[in-house]
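> Position in the sequence shown (from 1) plus 4 gives the number in the working numbering.
Heads up, the beta-carbon is just placed ideally off N, CA and C, and yes, glycines get one too.
All figures in this text were calculated on a predicted structure; none of them were measured in a lab.
For reference, the structure I am asking about is given below.
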Amino acid sequence: MNASSWSRLKPSLLYLNEPHITAFLNHCWITSTNHLHFAKTRPDPAMALSNQIMVLALVLSLSLALPSALAGVTCEDLHINRCAFAVSSESKRCVLESMPGKPTEYQCKTSDVVVENISNHIETEACVGACGLERKTIGISSDSLMETRVAQKICSPGCSNNCPNIVDLYSNLASGEGASLSDLCMKINANPRRAMMTILSSGAAPGPVSGKVEAEAPSPSP
């Protein structure tokens, strides 16, 4: 395998949505291409063969070590710490729910909620923190929007400008409540207390659901 072949392979390996894995692969790619360049500038058949074997072994080991990452995101295969806010390879949201008969044990399932223009996505810790959310969020619900701290975080530039998956989720949840997330954020940024009073007066949000977003739109406020 020469440098150009390895370069063509690199992009497909780096589409893993895992920062630490991406950094490791990038380091391996740089190291391998440096070895190949050295072998090219100072031709030595034995060294060239050794470098090519090293690169091939690296690719094979990564393929064996990361089969799920290369194949795409399957909700049922995700650890419970990575389930909430994830989107499968079929563009369906993953949902964390309790196991039947075991209310204190949880499993990751595929919901019926389809996401447009997003797939194979596991939400980053940076976005979970920036949006004020919890990694072990149960179900899919607009309950979080009832919390002033979370609502302010979701509307903050750190979340709204950098975390499109979470913004999409809560935009749809707000729509299910008969509201607009962008309008809500404008009100929160202008007067957080008054905005939250308006939200609470419209009625409580539904509890967590697993199959689909089941939010009943409230009556229009006067």
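1. Under the rule that 16 or more other beta-carbon atoms within 10 Å means buried, what is residue 181, buried or exposed?
2. According to the Cβ coordinates, are residue 169 and residue 127 closer than 8 angstroms?
3. Measuring straight from C-alpha to C-alpha, what distance separates residue 118 and residue 92?
4. Does residue 157 pass the burial test, meaning 16 or more other C-beta atoms within 10 Å, or should it be called exposed?
5. By the DSSP assignment, the beta strand (DSSP E) with residue 109 in it spans what residues?
6. Roughly how many whole angstroms lie between the Cα atoms of residue 143 and residue 131?
7. How would you call residue 192, buried or exposed, if buried means at least 16 neighbouring beta carbons within 10 angstroms?
8. Only counting the same chain, and skipping five residues up and downstream in sequence, which positions put a Cβ closer than 6 angstroms to that of residue 86?
9. Need the endpoints of the beta strand (DSSP E) that residue 103 sits in, please.
10. Just to confirm, is the Cβ distance from residue 115 to residue 99 under 8 angstroms?
11. When you compare only the Cα positions, how much space is there between residue 140 and residue 147?
12. Can you tell me whether DSSP reads residue 77 as helix, strand or coil?
13. In the structure shown, what three-state DSSP assignment does residue 142 receive?
14. Residue 153: which of 133, 107 and 183 sits nearest, CA to CA?
15. The alpha helix (DSSP H) spanning residue 84 covers which residue range?
16. If we call anything under 8 angstroms between Cβ atoms a contact, is residue 112 one with residue 135?
17. Rounded to the nearest angstrom, how far is the Cβ of residue 200 from that of residue 155, given a contact under 8 angstroms?
18. Inspect the beta-carbon positions of residue 103 and residue 109 and report whether they are closer than 8 angstroms.
19. Just to confirm, are residue 77 and residue 88 a CB contact at a threshold of 8 angstroms?
20. Apart from the five residues on each side of it in sequence, which residues of its chain come closer than 8 angstroms, Cβ to Cβ, to residue 84?
21. Within 10 Å of its beta-carbon, does residue 178 have 16 or more other beta-carbons around it, so buried, or fewer, so exposed?
22. Note the first and the last residue of the continuous alpha helix (DSSP H) segment covering residue 173.
If we stick to the structure as given:
1. Here the question's residue 181 lines up with position 177 in the sequence shown. By the 10 Å Cβ count, residue 181 comes out buried.
2. To locate residue 169, count along the sequence shown from 1; it is residue 165. To locate residue 127, count along the sequence shown from 1; it is residue 123. Yes, these two residues count as a Cβ contact at 8 angstroms.
3. Looking up residue 118 in the sequence shown gives position 114. Looking up residue 92 in the sequence shown gives position 88. Distance between the alpha carbons of residue 118 and residue 92: 9 angstroms.
4. The residue given as residue 157 occupies position 153 in the sequence shown. Buried is the call here.
5. Along the sequence shown, read from residue 1 onward, the residue named residue 109 stands at position 105. Here the beta strand (DSSP E) through residue 109 covers 106-118.
6. The count along the sequence shown starts at 1 and reaches residue 143 at position 139. The count along the sequence shown starts at 1 and reaches residue 131 at position 127. Taking the straight line joining both Cα atoms gives about 18 angstroms.
7. Within the sequence shown, numbered from 1, the residue matching residue 192 stands at position 188. That one is buried.
8. Within the sequence shown, numbered from 1, the residue matching residue 86 stands at position 82. Result list for residue 86: 126, in chain order.
9. Start at 1 with the first residue of the sequence shown, and residue 103 comes out as number 99. Here the beta strand (DSSP E) through residue 103 covers 96-103.
10. As a first step, residue 115 is located in the sequence shown; it is residue number 111 there, counting from the start. As a first step, residue 99 is located in the sequence shown; it is residue number 95 there, counting from the start. Result yes, Cβ atoms of residue 115 and residue 99 sit closer than 8 angstroms.
11. Indexing the sequence shown from 1 puts residue 140 at position 136. Indexing the sequence shown from 1 puts residue 147 at position 143. In a straight line, the C-alpha of residue 140 is about 14 angstroms away from that of residue 147.
12. Counting from 1 along the sequence shown, the entry for residue 77 is found at position 73. If DSSP states are grouped into helix, strand and coil, residue 77 belongs with coil.
13. Along the sequence shown, read from residue 1 onward, the residue named residue 142 stands at position 138. Strand.
14. Counted from its first residue, the sequence shown places residue 153 at position 149. The candidate whose alpha carbon is nearest that of residue 153 is 133.
15. Taking the sequence shown and counting its residues from 1, the one referred to as residue 84 is at position 80. Counting along the chain, the alpha helix (DSSP H) containing residue 84 begins and ends at 84-87.
16. Stepping through the sequence shown from its first residue, residue 112 is reached at position 108. Stepping through the sequence shown from its first residue, residue 135 is reached at position 131. Their beta carbons are not under 8 angstroms apart, which means residue 112 does not touch residue 135 by this criterion.
17. Translated into the one-based positions of the sequence shown, residue 200 becomes position 196. Translated into the one-based positions of the sequence shown, residue 155 becomes position 151. About 7 angstroms; that satisfies the 8 angstroms criterion.
18. As a position in the sequence shown, residue 103 is number 99, starting the count at 1. As a position in the sequence shown, residue 109 is number 105, starting the count at 1. Taking 8 angstroms as the Cβ cut-off, residue 103 and residue 109 qualify as a contacting pair.
19. For this step, residue 77 is matched to residue 73 along the sequence shown. For this step, residue 88 is matched to residue 84 along the sequence shown. Result no, Cβ atoms of residue 77 and residue 88 do not sit closer than 8 angstroms.
20. For the purposes of this step, residue 84 is taken as the residue at position 80 of the sequence shown. Excluding sequence neighbours, residue 84 sits near 100, 110, 111, 112 and 140.
21. On the sequence shown, position 174 is the one that residue 178 refers to. That one is buried.
22. Position 169 of the sequence shown holds residue 173. Looking at the DSSP string, the run of the alpha helix (DSSP H) that includes residue 173 is 168-180.
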